[in-house]
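Numbering that gives the first Met the number 0 applies: residue 0 is where the sequence shown begins, and numbers increase by one.
Cβ coordinates follow ideal geometry from the N, Cα and C atoms, glycine included.
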Amino acid sequence: MSTSPSDHRPLDPAAARELFVARLRAELHPGEERPQEVSDARRAYREAVCLLSRFDPQQLRLPGEEAATGGAVLELVDDCTTLGMQDQAGWSLKSDVRDRTLRGLAGPAAARHVLACHLDQLPGEPGPERFALAYLSGHPPETDRLTTDELADALQAVLWLSRVPGTTGLPDLAELQLTLERARLLDPLKRLVRSPFQGRTRELAELRDYVVPPGGTAAAARPDGTPQHPGPVPPLVVHGPGGMGKTTLLAKFVLDTLHDPASCLPFAYIDFERPTLSIQEPLTLIAEVARQLGIQFPAHRAELDALAHECQEATRSQREGQERVSQLQELATTRAVLGRRSSQQFQSLAAGRETDLIRRLAEVLKRAVAERKDREHPEDPPFALVIDSFEEAQYRGSPVVGRMVAIYLSFQSIYPRMRLIVSGRAPVEHPAKTVRSLDIELGELDPEAAVGLLTSCGVKDPEVARALADRLGGHPLSLKLAARAATLAGAGAERTCELIRSLPERRHQVFRRVDQLLVQGILYDRVLSHISDEGVRRLAHPGLVLRFITPEIIKEVLAEPCGLRVATTDEARALFAELSRLDLVEPARPDAVRYRSDVRAIMLRLPGGDRTAVMREVERRAVGHYAARDGLEARAEEIYHRLRLDENPRSVEARWLPGVERFLVGAQQDMTPRAAGLLTARLGGGTPDQVAAGADQEDWERIAAREVEDLLAQGYAQAAFDRLGRRQPWTPCSPLHALLAEALNRLGRQDEARRATADAIDTAERAGCGERRLELLLLSARLSEEAGDLASAGRALRIAEDVAVGLGQDLEAMGALLARARLTAGADGADLEADRELAVRLRQLPDAVLADRPVLVRAVASQIYDRAPGALDHALEVVGLPADDETLDALGAAMRRATGRQPALLGRVMGILDEAAGPSRQPSGGAPTGIAGILRLARDRGTLDTLARRLLAVPDKSGEIVAGVAAAMGVGTGARTAGHPAGPEHGGRPQDEGSGPAGPEDR
C-alpha cells in the first residue's frame, strides 16, 4: 500500500458523488451487512495472527519474510483492538474478524504452519497458542493435569481450532468448559492450602463425622432418603480467635472430603467476603448455591441457572423494599406506624420468598442425585453447605440469622441429608433457633503440628523449630510470624537465640490470648526492624495508625513526628516508593497504599511503648490534615482519628455527615469500646459484650434499640421486651421508651403500653426532645386507634403536626398529616380536611425536598389521588414508582381488570405497553403473563414511570387503572389496594374528569 503523493489524485465529480453516497450510507446504516473486499496483503496478515492472542504489529512477519516490514500496522489497523498499557501495548484481532479468518484457512496444516512461523513471538509461559500447536501436532495435553489458567488457555485454543475446516482430535468443548468451571469452583480453596496443611486431625474428623457419620452414608437415612431420626439436624459452627485457621480448615475439609472423586458428594462453599455475595441478602447465597450445583450437575444446569437468575431479580426487589423500610424509619412521624409495620411486612415477605426458592432448589438437588443412584448406594448422599465469614451477621436479634435458620430448616425438610457448616463467632442465641448448634472451637496446634508449620514456613533447623514452638505454643499466626522473623535474622545461632529470648515464656491458659498479642507485636517489630532504608524504617511503625498513606500524607502528617525532614514532594515520593515495596503494605488506590489488615489488627491492639507519643502526634496531625479538606472520605478519616484519640463521642458525632458510613465499616476493631460504641450505634451490626459495656449510655441505647427493632420486625416481642430490661434509667430522648411501649402492646399489655407512652411523651416534652416526642405522639395515636378511641388518636396527631410545624420540619408535618388522613379514611364521617391539606403541602413543597423522601411522597399521593387531580402524575414526575415486584404486580392486576371489564381499552393499553417495552420485545399475545413480562422489561429499560403517566390519561370509567397506579405507588406503605377504585360511588371525583396530569389550576 503506497502513501506517496502521486497516489492521491483528485476525484472527478461523478466519482466524488459516488464516494460521498457510499460513505453516507455507511454512516446511516452501520449495522447493514456489506460485502467487503479484502486485499491479499490484508488477508495474509489476518491469517498470520488469527491464532495469536496478542502480537506486536511492528514486529510481525509474514511467512517467508526474514524481517518485519511494519505492514501489519497499516493493514490491520481496522481489524484489531489494543491490549495493555500504552508503553506495553499489543494488538489482538477482533473476534468477528478472527472467526472469519479461521473459517477461511485451508485446514489444520495451514493453521499449524501459521503458528510454527511465529514461535519466536509466543510468550514463554503456556498460552492458547502453545495449546493450539500441541493439539495440531497430535500431542494433546492431559486435561486432568492442567491448572485453572491452563484450562482456560486450552479452552480458548479448542474454540479457535474448532472453526478451522477439517480439524479433528479436539476434546469435547462442553466437557472442557465444565472441567474449567469445576476448577474455578475449587481454585479459591486450593489457594488457601498451598502450604502444607498441619495438624487439625481431630477437627477434620469431627467435620467428616458430622457430614458422613461413621458406619457409612446409610447411617443417617433410610434407603428412600428420609431421616431415621425425626427433627432437624443442627448446624455446626466452627469458631475461634482470629488467625487460628478457620478458613484454611474448611478449605482442607472441602477438598479432601467433599471433593474426593471416590465420594462425589454435592457441596457448596460460600465465602461472604466475596464482593458478589452479601451477608445481608440471603438470596445471593441461594443464587450462588444454585450456580455451584449447576456445575456439579450439568444435566440440570439450565434449571439451576434459571433459579439463580430468579434469585438475582428477587434481590433487586428486596433492595427496594429494604430502602422503603429505611426511609420510613428515618422520619419520626412515619417510624412508629408505617416504619415498623413495613419492617415486619418486609421480613415476612423476604423470608417467605427465600424459603420458597430454597425449597425449589432442594427439589432440583433431590431429582439430580436420584439420577446418580445405583443399587450399591440407594440412599441420597449428604449435601454440605459450607459458609465462611459469617461473623458480621452473628448478633442477638439479627434478622439475617433468623432468615438463615428458616432457609436451613426449609432445605433440610426437602433434602434431609443437608448439613450446614458455618465459620464465624461462637454460636449466639436467637429466638428463631429450634435446636442448639453444634460447635468446634479451634484451639492452638499440637506441638508436632506447630513444628511442622514452622518448618514449612522456612525454619529449616529442627532444634530451632522446636524451641520456637515450645516458646510460642501453637497459634498459627504467631508461628508464621516467628518463621518470618527467624528467616530475616539469618542462620546464625546467636541471632536465633536472641530472637527466642526476646519472646515471653508461656503462661497459664488464662493469659494465653494476652501473651499471643504481645508475641505477635514483638515479632512484627522484628520484621519492621529489618527494613533496610532508615527513613522508611522510621515511618513504618508510627505509620500503622494511618489507614492510607500517600506522598502528601508522608510530607504533611507522618515525617515530622518520626524525626524526618521531608521538604519537597519529590522526597516524599521517594519515601513512598520505598514504603510501597514492603510486603506489609498493599495498594489502596492509585498513589496510595495501606498496611495489610492482619498487620494493623495486631499492632493497633498493643501498647505503643516509647512510640505512643509519636503515634498520637501522627493521629493529631491526621485530624488537622483531613479536617482542612472537603469530601466524605476526608471527613470519615477525620472522624476515625478523632475516635482513635478517644475524643468525646458526642463532640465527634457533631462532625458526622450522611454518607461517611461506608468509609468507616469495620473500623470498630481499631477503637476503644467507647469509640467503637459510637460507630456501632451509627453503622449497625453486631456488638461484642465489651463494646456494649464500654459504650456511652446514649450509644448503648441506640445499639439496643436496633436489636429490639430487629426482634420486633421478626415477631419476637417477648425477646424484645427481655432485651429492654438493661441499663436503666434511660436518657429522656432514648428510642427505647417507644420500643418498650411497642413491645408491651404486642404482648397484649395494651393499658401498660398506653401509660408508658404517655409518661414518655411528658418526659420528652420536658427535656425538649422534639423528634422523640413526635414519634411517641404517633405511637400514642396508633395505640388509641387500636383501642377504639379515635378522638384521642386525632388529638395526638394534631399535636404532632403542630410540633413538627414548630420545629420547621415540613416533611415530619406531612407524615403526621398522612396519619390523620388515614385515621379518618375508613370512618363514616371521613375528614376531607386532612386530604386537602396533604394536597396543598404536596404542591407547595419544592420538588428537590420531595425527591429526598420518595417513600413518603408516594404514600401521600396514593392516599389523596382521588381527591387531588394531578397528585399521582406529580409524584411520578418527581419520585417515580417503586421498582420492586409488588409494584408491577399491583399495576398489572389493575390493567387486567380494567381491560377485562372494558375490552375497548385493550388496544390503547397494549399500545402503551408496546411503546414502553421498545422494539426488542417479543410478541406476548396479550396474555396476563405477557403484561407482567412487559412491565418488567419496562422497568429494566427505565420506561416504567412514563408508562404509568400515560396510563393515567386512559379514559377508564371504572377507575381501575388510576386506582392501580395509586396502589402501585403506595406498595409497602399501607396504602389502599386497587381492588376498590375510588370513583364517584366511593366518594372520589367523577372519572370523566380523566385521571391524567392536572391542569395549571390543579398544580
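Boundaries of the beta strand (DSSP E) in which Gly-89 is found, first to last residue: Taking the first residue of the sequence shown as position 1, residue 89 is located at position 90. Judged by DSSP secondary structure, Gly-89 falls within the beta strand (DSSP E) whose first and last residues are 89-92.
For Gly-766 and Val-565, I'd like the C-alpha separation in whole angstroms. For the purposes of this step, residue 766 is identified with residue 767 of the sequence shown, where counting begins at 1. For the purposes of this step, residue 565 is identified with residue 566 of the sequence shown, where counting begins at 1. Per the sequence shown, residue 766 should be read as Ala rather than Gly. Near 53 Å, if we compare the C-alpha coordinates of Val-565 and Ala-766.
Using the C-alpha atoms, what's the distance from Gly-879 back to Met-614? Numbered from 1 along the sequence shown, position 615 holds the residue referred to as residue 614. Numbered from 1 along the sequence shown, position 880 holds the residue referred to as residue 879. Using only the alpha carbons, I get a separation of about 51 Å.
Would you mind sorting Thr-167 into buried or exposed? The rule is 16 or more other CB atoms within 10 Å of its CB. To locate residue 167, count along the sequence shown from 1; it is residue 168. Exposed: under 16 other Cβ atoms inside 10 Å.
Distance check for Pro-234 and Leu-356, CA to CA, integer angstroms please. Walking along the sequence shown from the start, residue 356 turns up at place 357. Walking along the sequence shown from the start, residue 234 turns up at place 235. Approximately 20 Å, taken between the alpha carbons.
Is DSSP giving Tyr-44 helix, strand or coil here? The residue you call residue 44 lines up with position 45 of the sequence shown. DSSP, read as helix, strand or coil, puts Tyr-44 in helix.
Phe-382 bridges to which residues according to DSSP? The residue given as residue 382 occupies position 383 in the sequence shown. Phe-382 pairs with Met-417.
Relative to the C-alpha of Glu-312, which candidate in Thr-942, Gly-106 and Glu-353 has its C-alpha closest? Working through the sequence shown from its first residue, we reach residue 312 at position 313. Here the closest residue by C-alpha is Glu-353.
Whether Leu-282 touches Gln-321 by CB criterion (9 Å): Within the sequence shown, numbered from 1, the residue matching residue 282 stands at position 283. Within the sequence shown, numbered from 1, the residue matching residue 321 stands at position 322. Cβ atoms of Leu-282 and Gln-321: not closer than 9 Å.
Which residues mark the beginning and the end of the beta strand (DSSP E) in which Val-544 is found? Mapped onto the sequence shown, residue 544 falls at position 545. Element bounds for Val-544: n/a, residue is neither H nor E.
Buried versus exposed, by CB contacts within 10 Å (16 or more), Asp-208: Taking the first residue of the sequence shown as position 1, residue 208 is located at position 209. That one is exposed.
For His-238, list the residues DSSP reports as bridge partners. Residue numbering aside, residue 238 sits at position 239 when the sequence shown is read from its first letter. DSSP output for His-238 lists Gly-423 and Glu-440 as bridge partner(s).
Alpha carbon to alpha carbon, what distance is there between Ala-156 and Leu-678? Working through the sequence shown from its first residue, we reach residue 678 at position 679. Working through the sequence shown from its first residue, we reach residue 156 at position 157. Rounded to the nearest angstrom, the two C-alpha atoms are 52 Å apart.
Are the CB atoms of Val-859 and Ala-874 nearer to each other than 9 Å? Taking the first residue of the sequence shown as 1, we reach residue 859 at position 860. Taking the first residue of the sequence shown as 1, we reach residue 874 at position 875. Val-859 is a Cβ neighbour of Ala-874, given a cutoff of 9 Å.
Here's the rule I'm using: 16 or more other beta-carbon atoms within 10 Å means buried, otherwise exposed. How should Pro-657 be labelled? The residue labelled residue 657 in the question sits at position 658 within the sequence shown. With fewer than 16 other Cβ atoms inside 10 Å of its own Cβ, Pro-657 counts as exposed.
By the three-class DSSP mapping on this structure, what secondary structure does Tyr-594 have? In the sequence shown, residue 594 corresponds to position 595, counting from 1. Strand at Tyr-594.
What residue from Ala-115, Arg-129 and Leu-175 has the CA that sits closest to Asp-143's CA? Translated into positions along the sequence shown, residue 143 becomes position 144. Residue Leu-175 is the option with its Cα nearest to Asp-143.
Using only the alpha-carbon positions, how far apart do Tyr-625 and Leu-682 sit? As a first step, residue 625 is located in the sequence shown; it is residue number 626 there, counting from the start. As a first step, residue 682 is located in the sequence shown; it is residue number 683 there, counting from the start. If you take the alpha carbons of Tyr-625 and Leu-682, they lie about 21 Å apart.
Sheet register partners of Ala-267 (DSSP bridge): Working through the sequence shown from its first residue, we reach residue 267 at position 268. Residue pairing from DSSP places Ala-267 in a beta bridge opposite Leu-384.
So, helix, strand or coil for Phe-196, using DSSP? Here the question's residue 196 lines up with position 197 in the sequence shown. DSSP, read as helix, strand or coil, puts Phe-196 in coil.
In whole angstroms, what is the alpha-carbon distance linking Glu-1016 and Glu-697? Outside the modelled stretch of the chain, which goes from 0 to 1002, sits residue 1016, for which no answer is possible.
For Phe-271, tell me which candidate among Ala-286, Arg-536 and Thr-454 has the shortest Cα-Cα distance. By 1-based counting over the sequence shown, the position of residue 271 is 272. If we check each option's Cα against that of Phe-271, Ala-286 comes out closest.
Roughly how many angstroms separate the alpha carbons of Gln-346 and Ala-742, rounded to a whole number? Working through the sequence shown from its first residue, we reach residue 346 at position 347. Working through the sequence shown from its first residue, we reach residue 742 at position 743. Straight-line Cα distance between these residues: approximately 17 Å.
Can you give the Cα-Cα distance for Gly-165 and Ala-110, rounded to whole angstroms? Position 166 of the sequence shown, counting from 1, holds the residue named residue 165. Position 111 of the sequence shown, counting from 1, holds the residue named residue 110. Roughly 11 Å between the two C-alpha positions.
Tell me whether Arg-588 sits in a helix, a strand or coil according to DSSP, three-state version. Residue 588 sits at position 589 when you count from the first residue of the sequence shown. In this structure, Arg-588 counts as strand in the three-state DSSP scheme.
Does the count of Cβ pairs from the segment 420-432 and the segment 445-458 closer than 8 Å reach three? Contact fails between the segment 420-432 and the segment 445-458, because fewer than three Cβ pairs, one in each stretch, are under 8 Å apart.
Would you tell me roughly how many angstroms separate the C-alpha atoms of Ser-136 and Val-163, rounded to the nearest one? The residue you call residue 136 lines up with position 137 of the sequence shown. The residue you call residue 163 lines up with position 164 of the sequence shown. Answer to the nearest angstrom: the Cα atoms are 15 Å apart.
Please work out which residues of its chain come closer than 6 Å, Cβ to Cβ, to Pro-853, disregarding the five sequence neighbours upstream and downstream, and give them in chain order. Counted from its first residue, the sequence shown places residue 853 at position 854. Val-878, listed in sequence order.
Which residues in the same chain as Leu-145 place their Cβ atom closer than 7 Å to its Cβ, once the five residues preceding and following it in sequence are excluded? On the sequence shown, residue 145 is found 146 positions in, with the first residue counted as 1. The answer, listed in chain order, is Ala-153.
If I follow the unbroken alpha helix (DSSP H) through Cys-768, where does it start and stop? Start at 1 with the first residue of the sequence shown, and residue 768 comes out as number 769. For Cys-768, no alpha helix (DSSP H) segment is defined, and its DSSP state is neither H nor E.
Mind pulling the alpha helix (DSSP H) runs of 4 or more residues that sit fully within the segment 720-765? DSSP runs (the alpha helix (DSSP H)) wholly in the segment 720-765: 735-745.
Can you grab the Cα-Cα spacing for the pair Glu-914 / Ala-937, in whole Å? Counted from its first residue, the sequence shown places residue 914 at position 915. Counted from its first residue, the sequence shown places residue 937 at position 938. Pairing Glu-914 with Ala-937, the inter-Cα distance amounts to about 9 Å.
Please list, in chain order, all residues of the same chain as Val-556 whose beta carbon is under 8 Å from its beta carbon, the five residues on each side excluded. As a working mapping, residue 556 is identified with position 557 in the sequence shown. So the qualifying residues of the chain are Leu-545, Val-617, Arg-620, Ala-621 and His-624.
So the alpha helix (DSSP H) Leu-154 belongs to, where does it begin and stop? Locating residue 154 in the sequence shown gives position 155, where the first residue counts as 1. DSSP places Leu-154 in the uninterrupted alpha helix (DSSP H) bounded by 147-160.
Phe-296 in three-state terms, based on DSSP: Translated into positions along the sequence shown, residue 296 becomes position 297. Three-state DSSP puts Phe-296 in coil, outside helix and strand.
With DSSP run on the structure shown, which of helix, strand or coil describes Cys-561? Position 562 of the sequence shown, counted from the first residue, corresponds to residue 561. Helix, per DSSP.
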